[in-house]
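**Student:** First residue of the sequence shown? That's 88 in this note's numbering, and the numbers climb one at a time after it.
All C-beta atoms in this analysis are idealised placements derived from N, C-alpha and C, irrespective of residue type, glycine included.
As the structure is a computational prediction, the values presented were derived from the model and not from experiment.
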Amino acid sequence: MNPTDLLQKAADGIRLTPAEGLELYQHADPNRLMEIAHDLRLRKTEPGVVTYLVDRNINYTNACTTDCQFCSFYRVPGHPEVYVQSKRQIGERVEELLAWGGTRILMQGGHNPDLRIEWYEDMLRFLKSTYPEIELDCFSPSEIENIAGLEGLSMEQVLARLNRAGLDGLPGGGAEILDDAVRARIAPKKTKTAAWLHAMRIAQRLGMVTSATMVIGFDETWEQRVASLTRLRELQDESLAAHGNGFTAFIMWTAQLSHTNSLGRSRHRANYGADYDEYLHTNAFARIYLDNFTNFQASWPTQGLDTARRALFAGANDFGSTMLEENVVSQASAFTEQEPRMSVHRLHEQIRQAGFTPAQRDSRYNTVRRFDRVMTAAELAPVSIPTRLNGVEEPAANFLPMASL
Ligand code: SF4
Numbered sequence: 088m089n090p091t092d093l094l095q096k097a098a099d100g101i102r103l104t105p106a107e108g109l110e111l112y113q114h115a116d117p118n119r120l121m122e123i124a125h126d127l128r129l130r131k132t133e134p135g136v137v138t139y140l141v142d143r144n145i146n147y148t149n150a151c152t153t154d155c156q157f158c159s160f161y162r163v164p165g166h167p168e169v170y171v172q173s174k175r176q177i178g179e180r181v182e183e184l185l186a187w188g189g190t191r192i193l194m195q196g197g198h199n200p201d202l203r204i205e206w207y208e209d210m211l212r213f214l215k216s217t218y219p220e221i222e223l224d225c226f227s228p229s230e231i232e233n234i235a236g237l238e239g240l241s242m243e244q245v246l247a248r249l250n251r252a253g254l255d256g257l258p259g260g261g262a263e264i265l266d267d268a269v270r271a272r273i274a275p276k277k278t279k280t281a282a283w284l285h286a287m288r289i290a291q292r293l294g295m296v297t298s299a300t301m302v303i304g305f306d307e308t309w310e311q312r313v314a315s316l317t318r319l320r321e322l323q324d325e326s327l328a329a330h331g332n333g334f335t336a337f338i339m340w341t342a343q344l345s346h347t348n349s350l351g352r353s354r355h356r357a358n359y360g361a362d363y364d365e366y367l368h369t370n371a372f373a374r375i376y377l378d379n380f381t382n383f384q385a386s387w388p389t390q391g392l393d394t395a396r397r398a399l400f401a402g403a404n405d406f407g408s409t410m411l412e413e414n415v416v417s418q419a420s421a422f423t424e425q426e427p428r429m430s431v432h433r434l435h436e437q438i439r440q441a442g443f444t445p446a447q448r449d450s451r452y453n454t455v456r457r458f459d460r461v462m463t464a465a466e467l468a469p470v471s472i473p474t475r476l477n478g479v480e481e482p483a484a485n486f487l488p489m490a491s492l
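(1) In the DSSP assignment, find the beta strand (DSSP E) that holds Phe406 and state where it starts and stops.
(2) Can Ser229 be considered in contact with the ligand SF4, in the sense that its beta carbon sits closer than 8 Å to one or more heavy atoms?
(3) According to DSSP, is Ala235 helix, strand or coil?
(4) Contact between the stretch 369 to 376 and the stretch 101 to 116: three or more CB pairs below 8 Å?
(5) Return the bridge partner residues of Asp445 from the DSSP annotation.
(6) Measuring CB to CB, does Tyr147 end up less than 9 Å from Ile177?
(7) Quick check on this structure: which residue in Phe372, Gly391, Leu392, Leu93 has the alpha carbon closest to the alpha carbon of Phe383?
(8) Between which residues of its own chain and Leu185 is the CB-CB distance below 6 Å, once the five residues before and five after are set aside?
(9) In chain order, what residues of the same chain lie with their CB nearer than 8 Å to the CB of Glu481, ignoring the 5 residues before and after it?
(10) For Met489, which residues of its own chain have a beta-carbon under 8 Å away from its beta-carbon, when the five flanking residues on both sides are left out?
(11) Okay, do the stretch 216 to 226 and the stretch 187 to 200 touch, 3+ Cβ pairs below 8 Å being the bar?
(12) So who's on the other strand from Ile192, going by DSSP bridges?
(13) Helix, strand or coil, according to DSSP, for Ser326 in the structure here?
(14) What does a CB cutoff of less than 7 Å around Lys277 pick up in its chain, not counting 5 residues either side in sequence?
(15) Mind checking whether Gln343 and Phe380 have CB atoms under 9 Å apart?
(16) Please give me, in chain order, every unbroken run of the alpha helix (DSSP H) with length at least 4 that falls completely inside the stretch 90 to 178.
(17) Since Arg457 is in the alpha helix (DSSP H), which residue starts that stretch and which ends it?
(18) Checking 9 Å against the spacing of the C-beta atoms, do Ile475 and Glu182 come in under that value?
(19) At a cut-off of 8 Å, is Ala357 close to the ligand MN when judged by its beta-carbon and the heavy atoms of the ligand?
(20) What's the call for Asp235, buried or exposed, on a 16-neighbour Cβ count within 10 Å?
(21) Can Asp255 and Ser430 be called in contact, C-beta distance under 9 Å?
(22) Return yes when the Cβ of Pro134 is within less than 9 Å of the Cβ of Cys151, no when it is not.
(23) Measure the C-alpha to C-alpha separation of Gly304 and Ser241 and round it to an integer number of angstroms.
(24) Does DSSP classify Gly351 as helix, strand or coil?
(25) Can you tell me whether DSSP reads Met301 as helix, strand or coil?
(26) Just the Cα atoms here: how many angstroms apart are Arg352 and Cys158?
(27) Quick check on DSSP: helix, strand or coil for Ala371?
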């Protein structure tokens, strides 16, 4: 098919084959792709509205044995800076989130060999019983695989137990590029493609909230990016047909390299990373190619606010979240090193500057509140709430083996 016909097919919302997708991605004018992506977004989601989530990331431990080459966050077990957060520490963060009107926590950490499955179950039960209104979207396929390996359980058994303990969703972290040749180069000890997809398949079957992600800039080929998206599209087809619970959203960003991670220090550094134009181009292509996804998030923590606003015209309909705390990406990201959190008022300003009405949502993209009127910073400021942590004691030390918790 010639490029003009392919563009028409894309504009008509007709599914592209992988070969057609590759052709369009590589050879079509990126500005035309952004126009088509924006038009598809206007047709698939409420046109004048950009949604966002009030949530916070909680990085419960930084101990990790997986040594991903792009990671600046982890510390090897035994390192003096290793920590595991306590119930009180995590509870205090949840209460700060509640004060902001937040609805979800995203709890992620390293692959800590000293935490057993009972630690995770205990923490989830504590959080669910203390803060029943907060959605618990926690861990990632690689953390689930790590727990399964440590316990001698299947990922299905681990997810079912954590789900029973209160886990509402499994975020899509750790997908990077779903191609084992790329994964072997940048994160050889981490979950392989089939296992990442399988964890998501199980989580979706269990009725959990899941998201799909992609990170570009690992010196992957165009073909590998398209293959990664094809795998997400296939699983989405499978899950929607089987039970109707697929990925709620697609989120992509560019590899964050810093002098503290191996890729950032590599003598091949020039081969890594991707610029903002490539981000917008790929986001637009993904909106076209992933025809069975509804929601696409702009990633301000990695791309900065200007690019995130431009992404709202390149297929994205959601501005992500307030990220009241984030440590994994931000330790290698120039933007969030300067501005690690975003107030709700500032987030509204960004959405309005782009010409849309802000609407707070939950993690299933149900609208919590739509803001037709411009709100002042005081109206959107956090409120004081009583603590629910009376009687929850702080453990004696920051790093505690499982037996002490
Ligand atoms: S990205 Fe995650 S799994 Fe990889 S080293 Fe960092 S903390 Fe560990």
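**Tutor:** The short version:
(1) The residue labelled residue 406 in the question sits at position 319 within the sequence shown. It spans 405 to 408 - the beta strand (DSSP E) in which Phe406 sits, taken as one unbroken run.
(2) The residue given as residue 229 occupies position 142 in the sequence shown. Yes, Cβ of Ser229 sits closer than 8 Å to a heavy atom of the ligand SF4.
(3) To locate residue 235, count along the sequence shown from 1; it is residue 148. Of the three classes helix, strand and coil, the one that applies to Ala235 here is helix, per DSSP.
(4) yes
(5) Your numbering for residue 445 matches position 358 in the sequence shown. The sequence given here has Pro at residue 445, not Asp. Its beta-bridge partners are Val137.
(6) Counting from one through the sequence shown, the residue named residue 147 turns up at place 60. Counting from one through the sequence shown, the residue named residue 177 turns up at place 90. In this structure, Ile177 lies closer than 9 Å to Tyr147 by Cβ.
(7) As a position in the sequence shown, residue 383 is number 296, starting the count at 1. Phe383 has its Cα closest to that of Phe372, out of Phe372, Gly391, Leu392, Leu93.
(8) Taking the sequence shown and counting its residues from 1, one reaches residue 185 at position 98. Correct list, in chain order: Ile472.
(9) Working through the sequence shown from its first residue, we reach residue 481 at position 394. For Glu481, where only same-chain residues beyond five positions count, the Cβ hits under 8 Å are Ser173, Arg175, Gln176.
(10) Residue mapping note: residue 489 aligns to position 402 of the sequence shown, counting from 1. Because the pLDDT of Met489 is 38, which lies under 50, any placement of that residue in the model is unreliable, and the number read from its coordinates should be weighed accordingly. So the qualifying residues of the chain are Asp201, Leu202, Arg203, Glu205, Trp206.
(11) yes
(12) Translated into positions along the sequence shown, residue 192 becomes position 105. DSSP, once it has assigned bridges, lists Arg143, Leu223 as partnering Ile192.
(13) As a working mapping, residue 326 is identified with position 239 in the sequence shown. Helix.
(14) Along the sequence shown, one-based indexing puts residue 277 at 190. Taken in chain order, the residues that qualify are Thr153, Cys155, Ser229, Gly261, Arg270.
(15) Counting from 1 along the sequence shown, the entry for residue 343 is found at position 256. Counting from 1 along the sequence shown, the entry for residue 380 is found at position 293. Going by C-beta atoms, Gln343 is not nearer than 9 Å to Phe380.
(16) 90 to 98, 105 to 114, 117 to 131
(17) Reading the sequence shown from its first residue, position 370 is the one you call residue 457. No alpha helix (DSSP H) holds Arg457; the beta strand (DSSP E) holding it covers 454 to 457.
(18) As a working mapping, residue 475 is identified with position 388 in the sequence shown. As a working mapping, residue 182 is identified with position 95 in the sequence shown. Rather than Ile, the amino acid found at residue 475 in this sequence is Arg. Taking 9 Å as the Cβ cut-off, Arg475 and Glu182 qualify as a contacting pair.
(19) Here the bound small molecules are the ligand SF4; the ligand MN is not part of this structure.
(20) Locating residue 235 in the sequence shown gives position 148, where the first residue counts as 1. The sequence shown places Ala at residue 235, not Asp. Buried.
(21) The residue labelled residue 255 in the question sits at position 168 within the sequence shown. The residue labelled residue 430 in the question sits at position 343 within the sequence shown. No, the Cβ-Cβ distance between Asp255 and Ser430 is not below 9 Å.
(22) Numbered from 1 along the sequence shown, position 64 holds the residue referred to as residue 151. Numbered from 1 along the sequence shown, position 47 holds the residue referred to as residue 134. No, these two residues do not count as a Cβ contact at 9 Å.
(23) The sequence position of residue 304 within the sequence shown is 217, counting from 1. The sequence position of residue 241 within the sequence shown is 154, counting from 1. Approximately 32 Å between the Cα atoms of the pair.
(24) Residue mapping note: residue 351 aligns to position 264 of the sequence shown, counting from 1. It is helical.
(25) Within the sequence shown, residue 301 is the residue found at index 214, counting from 1. Strand at Met301.
(26) Here residue 352 is taken as the residue at index 265 of the sequence shown, counted from 1. Here residue 158 is taken as the residue at index 71 of the sequence shown, counted from 1. If I take the Cα positions, the gap works out to 12 Å.
(27) Taking the sequence shown and counting its residues from 1, one reaches residue 371 at position 284. Here Ala371 sits in helix by DSSP.
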